[in-house]
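Visitor:
Number of protein chains: 6
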Amino acid sequence: MTDRLPESSLRLGLPSGSMQSSTIELFGRAGYRISLQERSVFPRIDDPELSAVLFRAQEISRYVVDQIIDCGLTGYDWVVENGNENDVIEICELTYSRATSLPARWVLAVPEESPIRSPKDFDGKIVATEIVNTTRKYFQKHGVNVNVEFSWGTTEIKARLLDGIVDLTETGSSIRANNLRIVDTILSSTIRFIANKKAWEVPWKRQKMENIAMLLKGAIEAKAKVGLKMNVPEDKLQEVIANLPSEKSPTISRLADSAWVAVEVILEERQERELIPALKRAGATGIITYPLNKVIP
Amino acid sequence: MTDRLPESSLRLGLPSGSMQSSTIELFGRAGYRISLQERSVFPRIDDPELSAVLFRAQEISRYVVDQIIDCGLTGYDWVVENGNENDVIEICELTYSRATSLPARWVLAVPEESPIRSPKDFDGKIVATEIVNTTRKYFQKHGVNVNVEFSWGTTEIKARLLDGIVDLTETGSSIRANNLRIVDTILSSTIRFIANKKAWEVPWKRQKMENIAMLLKGAIEAKAKVGLKMNVPEDKLQEVIANLPSEKSPTISRLADSAWVAVEVILEERQERELIPALKRAGATGIITYPLNKVIP
Amino acid sequence: MTDRLPESSLRLGLPSGSMQSSTIELFGRAGYRISLQERSVFPRIDDPELSAVLFRAQEISRYVVDQIIDCGLTGYDWVVENGNENDVIEICELTYSRATSLPARWVLAVPEESPIRSPKDFDGKIVATEIVNTTRKYFQKHGVNVNVEFSWGTTEIKARLLDGIVDLTETGSSIRANNLRIVDTILSSTIRFIANKKAWEVPWKRQKMENIAMLLKGAIEAKAKVGLKMNVPEDKLQEVIANLPSEKSPTISRLADSAWVAVEVILEERQERELIPALKRAGATGIITYPLNKVIP
Amino acid sequence: MTDRLPESSLRLGLPSGSMQSSTIELFGRAGYRISLQERSVFPRIDDPELSAVLFRAQEISRYVVDQIIDCGLTGYDWVVENGNENDVIEICELTYSRATSLPARWVLAVPEESPIRSPKDFDGKIVATEIVNTTRKYFQKHGVNVNVEFSWGTTEIKARLLDGIVDLTETGSSIRANNLRIVDTILSSTIRFIANKKAWEVPWKRQKMENIAMLLKGAIEAKAKVGLKMNVPEDKLQEVIANLPSEKSPTISRLADSAWVAVEVILEERQERELIPALKRAGATGIITYPLNKVIP
Amino acid sequence: MTDRLPESSLRLGLPSGSMQSSTIELFGRAGYRISLQERSVFPRIDDPELSAVLFRAQEISRYVVDQIIDCGLTGYDWVVENGNENDVIEICELTYSRATSLPARWVLAVPEESPIRSPKDFDGKIVATEIVNTTRKYFQKHGVNVNVEFSWGTTEIKARLLDGIVDLTETGSSIRANNLRIVDTILSSTIRFIANKKAWEVPWKRQKMENIAMLLKGAIEAKAKVGLKMNVPEDKLQEVIANLPSEKSPTISRLADSAWVAVEVILEERQERELIPALKRAGATGIITYPLNKVIP
Amino acid sequence: MTDRLPESSLRLGLPSGSMQSSTIELFGRAGYRISLQERSVFPRIDDPELSAVLFRAQEISRYVVDQIIDCGLTGYDWVVENGNENDVIEICELTYSRATSLPARWVLAVPEESPIRSPKDFDGKIVATEIVNTTRKYFQKHGVNVNVEFSWGTTEIKARLLDGIVDLTETGSSIRANNLRIVDTILSSTIRFIANKKAWEVPWKRQKMENIAMLLKGAIEAKAKVGLKMNVPEDKLQEVIANLPSEKSPTISRLADSAWVAVEVILEERQERELIPALKRAGATGIITYPLNKVIP
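Chains as they are written, first to last, in this note's numbering: chain S, 1 to 297; chain R, 1 to 297; chain C, 1 to 297; chain H, 1 to 297; chain V, 1 to 297; chain D, 1 to 297.
Shown next as C-alpha cells:
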C-alpha cells in the first residue's frame, strides 16, 4: 500500500516546509527521483529499497529515536532542542540551504534601545522562543533565572512586548531590519543526515545510508563546481596550467593536430570568473564550461 | 499572419492542458524553442518550416484526420476514443509524462463495498466516464447492457451515486484513496506522435516528421541518462571496467601522465547510484557526472 | 550594513520588473550568484568587490550619470529617452530577453481604419506614449507639431481615444491583435551594459567591468549552443566531418580501440536538429549532446 | 454519513463551476446557508430535510431524469442539449447570473471575412461546438448537411481553423472582439429550477420545492430593489407622492410632530437614482435607502 | 508610536490565523473598524481608548495572565491547554466561527482498523497531538500511561504511524474521511472573551470590556436574524400574528389607509423560510426582509 | 460598439489601480452597477446616458481638459501635478478611500540620521518623487535650487541613495517604519469629482453630474451611519431621547400597545457603540441596528 512505510525498506524522513523543495531537488541530483503525491505525506521514490515520509524538521529526530523511521534529514538545532544528540547516529553534515550556505544561527536579541547587554541582564525577565529547551539550558548554564515562553512565528515584535527573543537568522540582516540587537548566539546549526542506532547496525541499511550520504555530498559538491575545457597550443601549455589552482590536476589529451592539446579541469564556480579572463590572456581558446551533476573526489 | 497555420509549413498539433508544459519542455530539449503567446493558441516556434497550434489532447487525432493539422502529439486513449486508430500514421511512441513513466490506465472501478466483481455484473447499471465510446465498446465486447453516461472531471463520487466509473489512473493510488476498487483495466495509453496519411506521403514532410521523432526520442532518452567521467590508474582499469554494465563500451583516453587513463561512459541515471560507490571502491577517483540533452544510439 | 552601496565596491544597477529574473539568471550562468532579499532592493551578490541595487530599467542610466551607481544593465531605449547616450560608456550590447532575441521596437501606431498614413499626417493631433522625449524629437525631426502626452501601461485603447500611440512591440503581433496599424518605427532597442565615465577611468573597476562583460557574453553565447560528442569509425571520419559547419574545428581524440575516434564539437543549438540526423546517416554512433554554461571563443 | 444523498431528504443538485458561487450566494439570501466542504461535492446545508450535491450544469438534468437527485438548478440550454425538456418539471425560471441579467445566447458565428451569410451556406462544412445535439438539430431543421464536431473551451480560434462555431455569449461583445460575425442565434437560455416528475408527485417534496422557488424568487427580486424612507411635511405629501411610481403604495406613518409624516416605499434600485434628486426637490428630507434580503409581492 | 500598546489604553489581543478575518469582521459589525497594517501585528482600531495586537490563539491567554494585554479573544481549548482557566476572567462566550456554529471538539482518534476501543487500551502507546498538556491530564485521569508527543498540523497520518492522535474537528467528517475512528471527545471548545484579573478591577476598563461584550453579542445575534415587514389587512391581523413565533412581540403601526396595518418583527433567519410561505397564505402582502447589524434584546 | 465612448452620452473617467474597486463599489451603493469587462478598459454601466472608461488617476484630469471625457474621479494631487486646477470644474469633494478617511499627504522626507531639517537645507541636493512638477514648484517657492528626479514606486530606499524623497502617506507610519523623518508636507489630497468646463455648460450633462454627485455623497454618508430602532416605554421616552445626539430628530411612531413607542434614528456608526449601552440602561429594549445604502440630508 502507498500509505505505509514498509518495514522491509529503509525508511527515510524528509523535512517538509521551507527545506522540502531544496531537499527533493538535492536527492534528484543525487540520483533519486522523489515525486510528491497530492494530499499525501508519502512521496514516491524510485528505489524499491527506500520508502519516504515528510515530517516537519522539528519532529524528525524524535521519530528516528522512536524507530518510526530509520533515518532522516533535519537541522542540528532540532536534534538539540529535542535532546536527541546522543540518541542518534550522525551520518554526515550537509551544507545546502535555500539562500546561503551559512549555518543558521539562533540568536538572543533585544530591542536596540534596551539596556540589556549580556545574558546576566535577563534575570527575572520574559523571553519568547521556539526552542524553549535549548534556551532554558542556555540560561541555566549562565546561572540566570529567566521565564522562557514558547512562541511561534515572527517573534520580532515579541522582543518589544516582552524582554527579548531567541530567533533564527542566517545573516543577521532580518534582526537589524527589525531594530533589534544581538546579545549572543545560542546555537549554530546545519543540516544533518541522522540514523537510528539499531538501523545503523543492520549491514544492508548501513551501506545504503552510506551510499546515500556519498551521493548527497557529491551532488552538493557538484553544485558549486563546473567543468571547464579549452584548447591550448602546446607551447603555451605551461603558462596556462600555471594559472590553474595548484591542487587541480588537469586532464590533458593530445589532439589530432599535434600542435594543440585539450585541457579539461573541474573548478569551483567562484574561481571560474577570475580564471577565464586569465586563461584567455594566457593563450587558451575555445573555452567552454559545463554544468555537473555530481563530484566524488 | 500569426493566427493562421500556413499551408506551406508542417502543421503540428500540441496538446494543451496537463501535458502542455512537459511537451514544450521536451521540444526544447530536442532543439525546438516553442514560446507561448499570450491569449493565442498559436505558439511561436523557431523553425520556419514548422507551425504549431495548441488543441486539447482529446481533439488532436480528429483534426489530424480532418487535415486541419499534418501531425500531432496526443494520448493513445484519445486516438482510440475518437475511433481514429486506422485513420492516422503512428510515427512513434513517446514515454514522457509529468509524474511517472508508467502508461496511464483507464480503469473500471466501483465502491469498495459494492457487490460488483466483474464486467458481467454491470448488466442494467449506469456507468459514468469521459471515454464513452471506448467504454461502450468494452461492454459490448463482454455482451453486457450498460447505460454509459458522459461525465467530466472528478468522477470518483459518481462511482457512489451511480454504479461505477471508468477513470484515468497512473498508479491506482487515487482510486484506492477514494475507497474504490478496480474491476478491470479498459485501456492502457502512452503518448503517440501521429500523422495524417496524406501528409506522410509528402517526402519533405515525412523526412521532417522522422527527424522530429528522432530528436524527441533522443531527448527522452537523455533525461534518464547521465555522462560519467573518472580517472583510473592503468593497473585498476580492468577491475573498474568490470563494474560497468556490460553493454556499455566506455571511451578510454590516455592522459599525459601515462600511469592514468580517463574513462567516460553514458549510464542510466538509476544505475549511477549503485555504480558510483562501487567504482570508487574499485579505485576510480575524480568521478564526475554531467547532464545530457540528447542521446541518439 | 546591508542597505547601502559601499563606495569601495563596484556598484552595479540591475533592472527590476520584467527583465529582473532573466538578468539574475544570466548573472548566475556567468558565475555570479545574486539572491534577492525579501523587502530589499539590495540583492546579495557573492563577490565582495561587487554591490548591487535594483532600479527600474527606466531610471538606471540616470543614476549611472549621477554616480549613484558605477554601471548597470538597461535598455538602449531608456538611455535615449533620458538623453544619456553621450554621458555614459557603453561596455557591450547583450542580446538576451524573455521571449525572443529580437530587438524591442517602439512603433508609432494608429487604429487600422485611421486615415493617417505617415508622420506628417499627425500635425495637430494627440499621441500618447511612455517615451515622451524620444517621441517629441521624432516629430520635431519630421517638422510636425504634435501634442505628445505621457501615458503608462496598455495604451492600445488610447490609439482609439486619442489619435495614435508610440508603444513597445517585439514582433508586431500585439499591435495587430489590437487592430492597430504601424505607421513607423521610432526606435529599436537591445539591452546595454553601461558605465559611468569616471568609474571607467578607475583601472580596477574597468577591468572588473570588462571581465563581467566577457562572462555575460560567454553565458549568452552558451545558451544558444550545445556540446556534441560522437564515436566515428576511422574510415568514416572524413565523411562525418564534412557534415560539420566549416568554421568548427572539432576535437578528435583517439580511443583505445584504434578503429574508432571520438569527435567533439560545439554547435549552435539550431544546427543540431539538422545535423544529428545527417551525422547518423554518415556513420556516427553514440551521439550525445550536453548543455553548456559558458562559451568564450 | 456525509457522502451520501439520504433517500429521505429532498435531494438538490447545484451547478458547480461558473454558476456555483452565485447560486450559493442566492440560496444564502433566500435563507439557506450552504457551506462547501473541502474536497467534497456534498455541501452542507442547514435544513435537515434538504441534501445537496454539486454537479456540472451540463449534467444536472440527466441526473434529475435518472432520479439520482429530486431537483436542481441548471441552464435551459443543457436541458435542451440533453434532450430532457419533456422529461422534467420546470418549477420556475430564475434570472440571476454573474455579470448581466440577459439570457445567455448560443450563436452560430463565422470569421468576419467569411462568405457565409446564412445557415444554408454551411452545407458540407465543419462546425465546432459544445452543444452538438442542439446544433445538429438546428441544421437538420434547416435541411443542411453539416459536420458538427464536439469542442471544449475557447472555440473562437476554431471558427478560423474550421468553418464556424456555435458558442455562448451574453452581449455579443466577445464575439466581436474576436472578429467573428453572428450568423444566427440557435438558443436563448436562462437558469431553471427543475424537478423529477415522480418527486413532484410527492406532496411534501412538492411543497418544499414550491417554498424554495418562492424564496429564491424573493431573493432575486430583493437584489434589484431597495427600501426608501423619508420625512415629508404634511403639506408637501401630495407632491412627493406624485413623484413615486404609480404602482407603488407607500406606507405613510404619522409622527409625533403632526406636521410631518414618514413615508416608506420599496423601489427598483434603478429608479432610485432618478427619484432621489426629484424627491429632494419636492420637499422630502432625511432620505435614506436600505438594502433588502427578500421581496415577496 | 504605532508599534507599541499604550499603557493608557485597553489593550486587546486578537487571534491571528484561521479566526482572524471572522474576528475582524465581527468587530466591524459590532461598530469597531479594525484595519490591518501591512507587515505589522498592530491593527489600527478606530477607538482611541483601545489598542490591539494580533497573537496566535494558542498564546493569548498566557499574555493576558502576564499582563502584556488586558483582554483578548481565544478558544477555550487554549485557555485550558495553557492551564489558565483559573487565572483569567471569562467575560463572555461567543459562538461565531468560520463554517459552523458547532463547538470545536478535540477528539482522540485511531485508524478504523485499530483494535483500540477505549482510553484504557492506550497503555504503553504513543499519541500525537497539539494539546500535549490537556491530553496528558486526560490519560492521567484514566490512569493510563501514554507517551504523548507534540505534533503540528495534519496529524491524521500520525494516527497510522503512531497509535493515535488527539485532533480538532467540528463535525467529525474530516476524521471519517481519513478512515479514522473517534474513541472519545477530550475537550469541547468555543471562543471566549477573557480578561486579566487586575484589569477587570479597573472600573473604566471593566465598563469598556462589558460594552464590547454587549456589542459583540449583539452583532452575533444579528447575524442569525432578519427584520421582516409586511402589510396586513386589519381583518386578517389575528391570523397572521398567530403564525409568528409566540415569544415575538411585533411592532404594529397604523397606516393612513385604516383598513391596513404594517407589521414588523425580528425573526431567526431559519424561521423565515417556513414563515414567509405561511404568512403569504394567511393574507400578508408586500413582505420584505432586511439585514440587521446588531440585535440587543 | 462597446469599445467607444459615445458622444451622445455623459463620458465618465474612473480611476484604475488602487482606487478602482472602491470607486466601483461606491457607484454600486449610489445606484449604478458598473461591471468590468475582461480585457477592456470600458466597464459596462447600467445607465444608457452614461459611458465609462478606466484611466490611471494620474491621467484623468488631462483627459477631462482635452475633452476625451466629460468628467471623472481623481485625486486632487494629480489635478495639481498636471497643472489643471484652473482648467476643470470641481463638482464635489469625496472622502472615501481604501483604508482610512484621512486625506493622503505628499511629504518631503529624509533618512532619520540626515542633517537636513528644513526645505532650505536641500540646496544643491537630489530629490526623487512621482510628482515632479509640484515638488519643483514647492522648492521654487522656498527659493532653493534642487535637482528633482522622477521616480516610480517604493521610493523609500531612494531617500537613502539620494538626499530625500517626496512620497505619499496616509498616517506617516510607513515613513517611520522605513526610518525616515518628515521634513514638510507638500500637498494634502482627497478625491474630487471634476468636470470639463464645456460639458458643465450643457444643461442635461450638468444636471446629470449634479445628481451623480448627490448620490455618491449620499452613499459615502451612509457608509458611516446606521439605522437604529428600539422600543421605549412611554414614561422613559424623555430619558432615552436625552441620550441621543441633539442634532438628531428621531422618528417616533405610536404602537398598538399605547404604553410603548417605537423610536427610530439615523446615527454615526461610531456613536452607536457608546449609545447602545446607554440606551439600554435608560430603558430601551429590542434595540436593533441595520445597514444603510444612502443618506441624503
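Yeah, the Cβ is synthetic: ideal placement off N, Cα and C, and Gly gets one too. Nothing here was measured: the structure is a model prediction, and the numbers come from that model.
Mind listing, in chain order, the continuous beta strand (DSSP E) runs of no fewer than 3 residues lying wholly within the segment 246 to 281 of chain C?
Guide: 251 to 254, 260 to 268
Visitor: Spell out whether any CB of chain C is found under 8 angstroms from the CB atom of R:I296.
Guide: Residue mapping note: residue 296 of chain R aligns to position 296 of the second sequence, counting from 1. By this cut-off, R:I296 is an interface position.
Visitor: From what residue to what residue does the beta strand (DSSP E) around H:I116 run?
Guide: Within the fourth sequence, the letter at position 116 stands for residue 116 of chain H. Note, H:I116: premise wrong, no beta strand (DSSP E); not H, not E.
Visitor: Closest to R:D77 by CA distance: which of R:V166, R:M214, R:R176, R:N147 is it?
Guide: In the second sequence, counting from the first residue as 1, residue 77 of chain R sits at position 77. Here the closest residue by C-alpha is R:V166.
Visitor: I'd like to know if D:E272 contacts chain V, where contact means its C-beta is closer than 8 angstroms to some C-beta of that chain.
Guide: Against the sixth sequence, residue 272 of chain D aligns to sequence position 272. So yes, D:E272 belongs to the interface.
Visitor: Check whether the Cβ of D:E49 sits closer than 7 angstroms to any heavy atom of the ligand NAP, and report yes or no.
Guide: For the ligand NAP, the structure offers nothing, since it holds no ligand at all.
Visitor: Report the residues of the segment 204 to 236 of chain V with a CB closer than 9 angstroms to any CB of chain H, ordered along the chain.
Guide: V226, G227, L228, K229, M230, N231
Visitor: Helix, strand or coil for D:D184? Go by DSSP, reduced to three states.
Guide: Here residue 184 of chain D is taken as the residue at index 184 of the sixth sequence, counted from 1. Strand.
Visitor: Return yes when the Cβ of S:T251 is within less than 8 angstroms of the Cβ of S:E316, no when it is not.
Guide: In the structure as shown, chain S begins at 1 and stops at 297. Residue 316 of chain S is therefore absent and cannot be evaluated.
Visitor: Please list the segments of the alpha helix (DSSP H) lying wholly inside the segment 52 to 105 of chain H, counting only runs of 4 or more residues, in order along the chain.
Guide: 57 to 65, 76 to 81
Visitor: Tell whether a beta-carbon distance below 8 angstroms holds between H:W215 and H:K294.
Guide: Locating residue 215 of chain H in the fourth sequence gives position 215, counting from the first residue. Locating residue 294 of chain H in the fourth sequence gives position 294, counting from the first residue. Going by the sequence as given, residue 215 of chain H is Leu instead of Trp. Cβ distance < 8 angstroms, so H:L215 and H:K294 count as in contact.
Visitor: Using a Cβ cut-off of 8 angstroms (strictly closer), state whether V:L26 contacts chain S.
Guide: Start at 1 with the first residue of the fifth sequence, and residue 26 of chain V comes out as number 26. Cβ-Cβ to chain S under 8 angstroms: no for V:L26.
Visitor: Are the C-beta of R:I266 and some C-beta of chain C separated by less than 8 angstroms?
Guide: The residue labelled residue 266 of chain R in the question sits at position 266 within the second sequence. Interface residue, yes.
Visitor: Rounded to whole angstroms, what's the CA-CA distance from D:T190 to D:S18? Just pull it up for me.
Guide: Working through the sixth sequence from its first residue, we reach residue 190 of chain D at position 190. Working through the sixth sequence from its first residue, we reach residue 18 of chain D at position 18. If I take the Cα positions, the gap works out to 14 angstroms.
Visitor: Which chain H residues are close to R:E59, counting only those with a beta carbon under 7 angstroms from its beta carbon?
Guide: Within the second sequence, the letter at position 59 stands for residue 59 of chain R. Ordered by position in chain H, the residues that pass the 7 angstroms Cβ test against R:E59 are S151.
Visitor: Examine chain H for any beta-carbon lying closer than 8 angstroms to the beta-carbon of D:R98, and answer yes or no.
Guide: Locating residue 98 of chain D in the sixth sequence gives position 98, where the first residue counts as 1. Confidence is the limiting factor: at D:R98 the pLDDT is only 45, short of 50, which leaves the residue's position unreliable, though a coordinate-based value still follows. For D:R98, the answer is no, since every Cβ of chain H falls outside 8 angstroms of its Cβ.
Visitor: Taking its Cβ as the centre, do 16 or more other Cβ atoms sit within 10 Å of D:N145, making it buried, or is it exposed?
Guide: By 1-based counting over the sixth sequence, the position of residue 145 of chain D is 145. By the 10 Å Cβ count, D:N145 comes out exposed.
Visitor: Please return the same chain residues whose Cβ sits closer than 6 angstroms to the Cβ of D:A199, not counting the five positions on each side in sequence.
Guide: On the sixth sequence, residue 199 of chain D is found 199 positions in, with the first residue counted as 1. Excluding residues within five positions, the ones whose Cβ falls inside 6 angstroms are D70, K205.
Visitor: Taking C-alpha atoms, which residue in D:E274, D:Y290, D:E210 lies nearest to D:L10?
Guide: Position 10 of the sixth sequence holds residue 10 of chain D. Nearest option by C-alpha distance: D:E210.
Visitor: Going by beta-carbon coordinates alone, are C:I116 and C:V226 separated by less than 8 angstroms?
Guide: For this step, residue 116 of chain C is matched to residue 116 along the third sequence. For this step, residue 226 of chain C is matched to residue 226 along the third sequence. Contact: no.
Visitor: Excluding five sequence neighbours on each side, which residues of the same chain lie with their C-beta closer than 7 angstroms to the C-beta of V:I126?
Guide: Position 126 of the fifth sequence, counted from the start, is the residue given in the question as residue 126 of chain V. Correct list, in chain order: N147, E149, L162, D163.
Visitor: Is the CB-CB distance between H:I175 and H:A104 below 8 angstroms?
Guide: Residue numbering aside, residue 175 of chain H sits at position 175 when the fourth sequence is read from its first letter. Residue numbering aside, residue 104 of chain H sits at position 104 when the fourth sequence is read from its first letter. Not closer than 8 angstroms, so no.
Visitor: In chain order, what residues of the same chain have a beta carbon less than 8 angstroms from the beta carbon of S:H142, not counting five sequence neighbours either side?
Guide: In the first sequence, the residue the question calls residue 142 of chain S occupies position 142. If we look at S:H142 and ignore the five residues flanking it on each side, its Cβ neighbours are P119, K120.
Visitor: List the whole-angstrom C-beta distance separating S:I91 from S:I194, where the pair is believed to meet the contact cut-off of C-beta under 8 angstroms.
Guide: Looking up residue 91 of chain S in the first sequence gives position 91. Looking up residue 194 of chain S in the first sequence gives position 194. Indeed, because the Cβ distance is near 7 angstroms, the residues count as touching under 8 angstroms.
Visitor: Between the Cα of C:N231 and those of C:T285, C:Q207, C:N179, C:A222, spot the shortest distance and give me the residue it belongs to.
Guide: Taking the third sequence and counting its residues from 1, the one referred to as residue 231 of chain C is at position 231. Ranking C:T285, C:Q207, C:N179, C:A222 by Cα distance to C:N231 puts C:T285 first.
Visitor: Under the three-state reduction of DSSP, which class applies to D:P233: helix, strand or coil?
Guide: Position 233 of the sixth sequence, counting from 1, holds the residue named residue 233 of chain D. Note: D:P233 maps to strand in three-state DSSP.
Visitor: Alpha carbon to alpha carbon, what distance is there between H:P297 and V:F42?
Guide: Taking the fifth sequence and counting its residues from 1, one reaches residue 42 of chain V at position 42. Taking the fourth sequence and counting its residues from 1, one reaches residue 297 of chain H at position 297. If you take the alpha carbons of V:F42 and H:P297, they lie about 49 angstroms apart.
Visitor: Hey, H:I45 and H:Y63 are a contact pair by Cβ (cut 8 angstroms); roughly how many whole angstroms apart?
Guide: For this step, residue 45 of chain H is matched to residue 45 along the fourth sequence. For this step, residue 63 of chain H is matched to residue 63 along the fourth sequence. The beta-carbon distance between H:I45 and H:Y63, rounded to whole angstroms, is 17 angstroms. This is too long to meet the 8 angstroms contact definition.
Visitor: What residue from R:L54, R:F27, R:A30 has the CA that sits closest to R:S40's CA?
Guide: As a first step, residue 40 of chain R is located in the second sequence; it is residue number 40 there, counting from the start. Selected option, being the one with the closest Cα: R:L54.
Visitor: Can you check which of these residues, D:R254, D:W260, D:A259, D:P277, is closest to H:S258 by C-alpha distance?
Guide: By 1-based counting over the fourth sequence, the position of residue 258 of chain H is 258. Among D:R254, D:W260, D:A259, D:P277, the Cα nearest to that of H:S258 belongs to D:R254.
Visitor: List, in chain order, every chain C residue whose beta-carbon is nearer than 8 angstroms to that of S:L255.
Guide: To locate residue 255 of chain S, count along the first sequence from 1; it is residue 255. Simply T251, I252, S253.
Visitor: Please classify V:K197 as buried or exposed, where buried requires at least 16 other C-beta atoms within 10 Å of its C-beta.
Guide: To locate residue 197 of chain V, count along the fifth sequence from 1; it is residue 197. It counts as exposed.
Visitor: Under the assumption that R:S51 contacts R:L14 (Cβ atoms under 8 angstroms), give the Cβ distance between them as a whole number of angstroms.
Guide: Stepping through the second sequence from its first residue, residue 51 of chain R is reached at position 51. Stepping through the second sequence from its first residue, residue 14 of chain R is reached at position 14. That belief does not hold up - the Cβ atoms of R:S51 and R:L14 are roughly 11 angstroms apart, past 8 angstroms.
Visitor: Report buried or exposed for H:P6, applying the criterion of at least 16 other Cβ atoms within 10 angstroms of its Cβ.
Guide: In the fourth sequence, the residue the question calls residue 6 of chain H occupies position 6. Exposed: under 16 other Cβ atoms inside 10 Å.
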